[in-house]
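Notes follow once the structure below has been shown.
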Amino acid sequence: MPRVDKLIPYLRQIDEARIYTNHGPLVDLLETRMAARLGLRRSEVVSCSTGTMALTGVIHALRSRSGRTGRLCLIPAYTFVATAGAALSCGYECHLVDVDRDSWALEPDSLRCHPRLGEVGLVIPVAPYGRTIDLQAWQDFHEETGIPVVIDAAACLDRLMKADASLPATIPLAVSMHATKSFGCGEGGLVLSRDGALVQETYKVLNNGFLGSRDAQVVGLNGRLSEYAAAVALAELDGFAGKSGQWARVAAAYAAAAPLAPKARLWTMPEISACYVLIEAASARDATVLVERLVEHGVDIRRWYGAGLPAHPAYRHLSRDPVPASDDIARRVIGLPCFTDLSEADIDLIAGLLAT
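Take 1266 as the starting number for the sequence shown in my numbering and just add one per residue.
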């Protein structure tokens, strides 16, 4: 995250403007700069208070204008809990679908013949750990079925910033600027879409239903990004080229370290978001052995998505297909330490434990 001295110029602007939230000048500047960085029009970007609120707000906006009455939402069984939480909070009934073993994501072809497709009012594909998913394939799915689609691209912002964001014609992306992400401001999110009218509707939803007057036009939420969070995000944007280089150093150090355990695979940028380094063990048993060894030597690990949504008490009641691939991936994928000032010595230690 940006150091205090990088924030001070923006904090002084807040003091001078005496505007602290409600779409102030720093939020406007952030959205303008982010649109330019992503190769989008200004009208194709809106900020919000969290990544989860980005997902929630755009689902609300899409539902209000889609006219589709189905209450069923198809989501992957292997994802972070916020995906399900956002859909449920918007009034959908979630149904869990298995992911593809190779992409770790939902595949549109597998849903075209889903037995409950006629009940579906929304699909939320997830880009797991910022991995690339076929956005045009989801645009085609939407156009063929009429089912609204929202992409949970929480960890994708750094990858989208590497080149002009190639967004589909109408499908929106919700991204996160949480402190754990490669580009972070503590808490924050963005909705990105080529559909400017949908972005404006999302703005309205996240602005308590207000747009251009003091009369609430829809039932809305308070999902606005504060000027203080925008200050952090602007400072992050100022220094992101340097930070990206630090992420690249960490990924390269992992890749150059000692060989891994047999049949294990290391995942780093650019295949996934830079804030992750993952080890995909050959089996659940191998993963358990690796975790025990790492923890025994004081190395912190993460199961970023836990054991999958069905394992969480809050989501056990959700209907689901058989999800063998999701269960298998959840047992085998381990998050390793990854932060910008992680030393080569620490990486060598971790790699040595993985190769033992």
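Heads up, the beta-carbon is just placed ideally off N, CA and C, and yes, glycines get one too.
For the stretch 1288-1317, list the alpha helix (DSSP H) runs that are entirely contained and at least 4 residues long, ordered along the chain.
-> Counting whole runs of 4 or more residues, the stretch 1288-1317 contains the alpha helix (DSSP H) stretches 1290-1303.
For Leu1361, which option in Arg1597, Arg1581 and Gly1617 has the closest C-alpha, if you only look at C-alpha atoms?
-> Locating residue 1361 in the sequence shown gives position 96, where the first residue counts as 1. Of Arg1597, Arg1581 and Gly1617, the residue nearest in Cα terms is Arg1581.
Mind listing, in chain order, the continuous alpha helix (DSSP H) runs of no fewer than 4 residues lying wholly within the stretch 1341-1383?
-> 1346-1354 and 1373-1376
What is the C-beta distance between Leu1376 and Ala1351, in whole angstroms, given that I count them as a contact (C-beta under 8 Å)?
-> What you label residue 1376 is simply residue 111 of the sequence shown in a count that begins at 1. What you label residue 1351 is simply residue 86 of the sequence shown in a count that begins at 1. Going by Cβ atoms, the distance from Leu1376 to Ala1351 rounds to 19 Å, so no, they are not a contact pair.
Candidates Ala1513, Ile1537 and Ala1521: which alpha carbon is nearest Gly1617's?
-> On the sequence shown, position 352 is the one that residue 1617 refers to. For the residues Ala1513, Ile1537 and Ala1521, the minimum Cα distance to Gly1617 belongs to Ala1521.
Range covered by the alpha helix (DSSP H) that runs through Val1556 = If you number the sequence shown from 1, residue 1556 lands on position 291. Residues Ala1549 to Glu1561.
Going by C-alpha distance, which of Val1323, Trp1569, Leu1583 and Tyr1285 is nearest Thr1435?
-> As a working note, residue 1435 is residue 170 in the sequence shown. The option with the nearest alpha carbon to Thr1435 is Val1323.
Local Cβ density within 10 Å of Gly1477, reported as buried at 16 or more and exposed below that | On the sequence shown, position 212 is the one that residue 1477 refers to. Here Gly1477 is exposed, its C-beta having fewer than 16 other C-beta atoms within 10 Å.
Is it the case that the Cβ atoms of Leu1272 and Ala1444 are separated by a distance below 7 Å?
-> In the sequence shown, counting from the first residue as 1, residue 1272 sits at position 7. In the sequence shown, counting from the first residue as 1, residue 1444 sits at position 179. No, these two residues do not count as a Cβ contact at 7 Å.
Going by other Cβ atoms of all chains shown within 10 Å of its Cβ, with 16 needed for buried, is Ser1491 buried or exposed?
-> Here residue 1491 refers to the residue found at position 226 of the sequence shown. Buried, because 16 or more other Cβ atoms sit within 10 Å of the Cβ of Ser1491.
DSSP beta-bridge partners of Val1456 = Taking the first residue of the sequence shown as position 1, residue 1456 is located at position 191. Answer by DSSP bridge pairing, in chain order: Val1311 and Ala1439.
Would you check if the distance between the CB atom of Tyr1394 and the CB atom of Ser1538 is smaller than 7 Å?
-> As a working mapping, residue 1394 is identified with position 129 in the sequence shown. As a working mapping, residue 1538 is identified with position 273 in the sequence shown. Yes, these two residues count as a Cβ contact at 7 Å.
Where the alpha helix (DSSP H) through Gly1507 begins and ends | Residue 1507 sits at position 242 when you count from the first residue of the sequence shown. That run of the alpha helix (DSSP H) goes Phe1505 to Ala1521.
Please report how far the alpha carbon of Leu1531 lies from the alpha carbon of Gly1600, in whole angstroms.
-> Along the sequence shown, read from residue 1 onward, the residue named residue 1531 stands at position 266. Along the sequence shown, read from residue 1 onward, the residue named residue 1600 stands at position 335. Those two C-alpha atoms are separated by around 10 Å.
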